Amino acid sequence: MCSKTLASLKNRFFIFRWPPPELHGTITKLDMPKLTKRDIVVSISNQTGMVQHQVFDVVQRTLDKITDSLANNIPVELRNFGVFQPRLTKPRVGRNPNQPGSSFVIPPRATVKFKAGKIMRQRVEKLSRQLKEAAERETKTEADGQNGE
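Under the numbering used here, think of the first position of the sequence shown as 385, with each following residue one higher.
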């Protein structure tokens, strides 16, 4: 590549750093990465010593079985984790914001309801307290910053 092409590429791409340095150390929804199926497979593989292909197959078959059961209107209960239940939404009236006055009926459709188990609820409740405290600290520092100006 010529230097002119490299210079144009440098102008098009920039480094985006998230979260900003001032948010490091605080727990917010945006600065937490997602847990993926791949992450689960690698973690289980490292803990058990099993080959990743075997672990992936077990995880995928588990998820497929859960999906098949829900598709056949069979609730899935995983003790201490939660319950997945297929349910039918009620028909409701919808409106198009681009065409005021026009309304239409949104037909019922099948969805999945999840109810967290006792242990999961307790562990996530600890997180909600931490997030609440972090938000309070953030608003306090913002208020202090505005008062100092």
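Even glycine gets a Cβ: it sits at the ideal position worked out from N, Cα and C. Remember, predicted model here, so these are calculated numbers, not experimental data.
Where does the unbroken alpha helix (DSSP H) through residue i begin, and where does it stop?
| i | result |
| --- | --- |
| Ser487 | From DSSP, Ser487 is part of no alpha helix (DSSP H) but of the beta strand (DSSP E) over 487 to 490. |
| Val443 | 436 to 455 |
Look up residue i in the DSSP assignment and say whether it is helix, strand or coil.
| i | result |
| --- | --- |
| Arg493 | coil |
| Leu419 | coil |
| Val508 | helix |
| Arg476 | strand |
| Val460 | strand |
| Phe398 | Caution applies to Phe398, whose pLDDT of 44 falls short of 50 and renders its modelled position unreliable; the value that the coordinates give is listed next. In the structure shown, Phe398 sits in coil (DSSP, three-state: anything other than H, G, I, E or B). |
Hey, could you find the ends of the beta strand (DSSP E) residue i is sitting in?
| i | result |
| --- | --- |
| Leu472 | 466 to 472 |
Is it right to say residue i is buried, meaning 16 or more other beta carbons lie within 10 angstroms of its own, or is it exposed?
| i | result |
| --- | --- |
| Arg396 | Because Arg396 sits at a pLDDT of 49, beneath the cut-off of 50, its placement in the model cannot be relied upon, and the point is left open. |
| Val439 | buried |
| Val425 | buried |
Can you list, in chain order, the residues of its chain whose CB lies under 8 Å from that of residue i, leaving out five sequence neighbours each side?
| i | result |
| --- | --- |
| Ile450 | Val460, Phe468 |
| Lys502 | Asn464 |
| Pro491 | Pro475 |
| Val341 | As displayed, the chain neither begins before 385 nor continues past 533, which places residue 341 out of reach and without an answer. |
| Val496 | Leu454, Phe468, Gln469, Pro470, Arg471 |
| Thr432 | Val439 |
Leaving out five residues before and five after residue i in sequence, what residues of the same chain have Cβ atoms less than 6 Å from its Cβ?
| i | result |
| --- | --- |
| Asn480 | Ser486 |
| Arg422 | none |
Near residue i, what residues of its chain come up, given a Cβ to Cβ distance below 7 Å and the 5 sequence neighbours on each side ignored?
| i | result |
| --- | --- |
| Asn457 | Pro470 |
| Gln436 | Val425, Val426, Ser429 |
| Thr447 | The sequence shown places Leu at residue 447, not Thr. Around Leu447: no qualifying Cβ. |
| Glu520 | none |
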